[in-house]
Each structure stands twice: as C-alpha cells, then as structure tokens.
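Asker: Below is the structure I would like to discuss, written out as structure tokens.
Numbering (our numbering), first residue to last: 19 to 200.
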C-alpha cells in the first residue's frame, strides 16, 4: 500500500487488492469489487483441453506477473503450503505483455478473472478453472483524508467507483467460483 505517497501528496488515489489488511485507519478506503484467480493457456494448446488438472498445472511452465520482480506470488504460497511447487519459466513486470506470450507458447498464466476475460477477447487464449483453492480478493480504492473534499479528487474517485460498480455488476461465472478457499 503506498501509504507514504498518499500522505505526502505525490499520489491522490491508489487501487489495490486486499489493501484492507494493510490500510491504516487514517487512510480512507472504498471497496470496488471482488475477483478470483483463473488460468489461461493458448487456445490450441497441445496438451490442455477444456480442463486443467493439478498435475498438469504443477508440471507446466508458468509466467508470473510481478511488478516488483518478486519470484513468488499467492499461487506459490498456496503450493508451498500443500507441499507442491511450480516452475516459473518467465517473470514479466506488466500484465499487457503476458497474454501475447501465452498465445505463442505452451506456458500457463494464473491471474484475476476480470483481467483474463479481457485477454481472451484480445488473443487466441482459453480461460480455465485454476485447480487450486486460492482465496477470492477485493479490489479497493484508497486516498488520504486531506483530499476528501477536493472537487477534482472527488470527481476521479466517483469515476473509479462508477467503473468498479459496472465491473461488479457483471458476475463471475459459477464454474470459476467452485473451489475457492473458504
């Protein structure tokens, strides 16, 4: 959570997942929508059909999206807790390069459903249920109270909240919700 940047005014609003776990009470927060993790592979993948087994998942090469360069994500945490691991073949810093790489390789990518859904519309990819019980999570908006009444800040927060509501109004299909961590 970019608490320092919000407090010193270098940013006015931040979007992030599960920020409620880290957000100090002096920072304002608004929940926008919930999401779940899914996996994508290229549409004509030679070994993956309409489903992805845990064995296939752990044996495949993975792409990890990591803006910070970290070599571990929530998937790796879950796998480690279950005495499993995966092979991260490539780490990319941004979401936008990942679908093009997936579309041309035999790798798999695990990412938020609402992002994956857009990638499947842009490239020859297929969306699959991830065979592990990852938790769902919430995207939230945070801002410093100093900017609570600023008209420009109110306008951008209202715009973000409106888009968040539009996203939330499109439900995630049940097939991707079936094995969520309780």
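Ideal Cβ placement from N, Cα and C applies to all residues, glycine included. Everything numeric in this text was worked out from a predicted model, so none of it was measured.
Can you check which of these residues, 74, 54, 164, 69, is closest to residue 189 by C-alpha distance?
Answerer: Taking the first residue of the chain shown as 1, we reach residue 189 at position 171. For the residues 74, 54, 164, 69, the minimum Cα distance to residue 189 belongs to 54.
Asker: Answer with buried or exposed for residue 169, where buried requires no fewer than 16 other C-beta atoms within 10 angstroms of its C-beta.
Answerer: Here residue 169 corresponds to residue number 151 of the chain shown, with the count starting at 1. Label assigned to residue 169: exposed.
Asker: Along the chain, where does the alpha helix (DSSP H) that runs through residue 133 open and close?
Answerer: Sequence index remark: in the chain shown, residue 133 carries index 115 (1-based). Counting along the chain, the alpha helix (DSSP H) containing residue 133 begins and ends at 131 to 140.
Asker: Looking at C-beta atoms only, is the number of pairs between the region 56 to 63 and the region 112 to 123 that lie closer than 8 Å three or more?
Answerer: Yes, the region 56 to 63 is in contact with the region 112 to 123.
Asker: Counting only the same chain and skipping the five closest in sequence on each side, list residues whose C-beta sits under 7 Å from that of residue 165.
Answerer: Position 147 of the chain shown, counted from the start, is the residue given in the question as residue 165. Excluding sequence neighbours, residue 165 sits near 30, 171.
Asker: Give the DSSP-derived three-state secondary structure of residue 30 in the structure shown.
Answerer: As a first step, residue 30 must be located in the chain shown, where it is residue number 12. If DSSP states are grouped into helix, strand and coil, residue 30 belongs with coil.
Asker: To the nearest angstrom, report how far apart residue 100 and residue 177 are at their CA atoms.
Answerer: As a working note, residue 100 is residue 82 in the chain shown. As a working note, residue 177 is residue 159 in the chain shown. Looking at the two C-alpha atoms, the distance is approximately 41 Å.
Asker: Counting along the chain, where does the beta strand (DSSP E) carrying residue 49 start and finish?
Answerer: If you number the chain shown from 1, residue 49 lands on position 31. Counting along the chain, the beta strand (DSSP E) containing residue 49 begins and ends at 46 to 53.
Asker: Tell me, which residues are paired with residue 105 by DSSP?
Answerer: As a first step, residue 105 must be located in the chain shown, where it is residue number 87. Bridge partners of residue 105: 79.
Asker: Under DSSP, the beta strand (DSSP E) around residue 144 begins and ends at which residues?
Answerer: The sequence position of residue 144 within the chain shown is 126, counting from 1. Its beta strand (DSSP E) spans residues 143 to 146.
Asker: Find the nearest neighbour of residue 187 within the set 131, 145, 51, 56, judged by alpha-carbon distance.
Answerer: As a first step, residue 187 must be located in the chain shown, where it is residue number 169. Of the candidates 131, 145, 51, 56, the one whose C-alpha sits nearest the C-alpha of residue 187 is 51.
Asker: Which two residues bound the contiguous beta strand (DSSP E) that contains residue 156?
Answerer: Within the chain shown, numbered from 1, the residue matching residue 156 stands at position 138. 155 to 161 is the span of the beta strand (DSSP E), which, as asked, contains residue 156.
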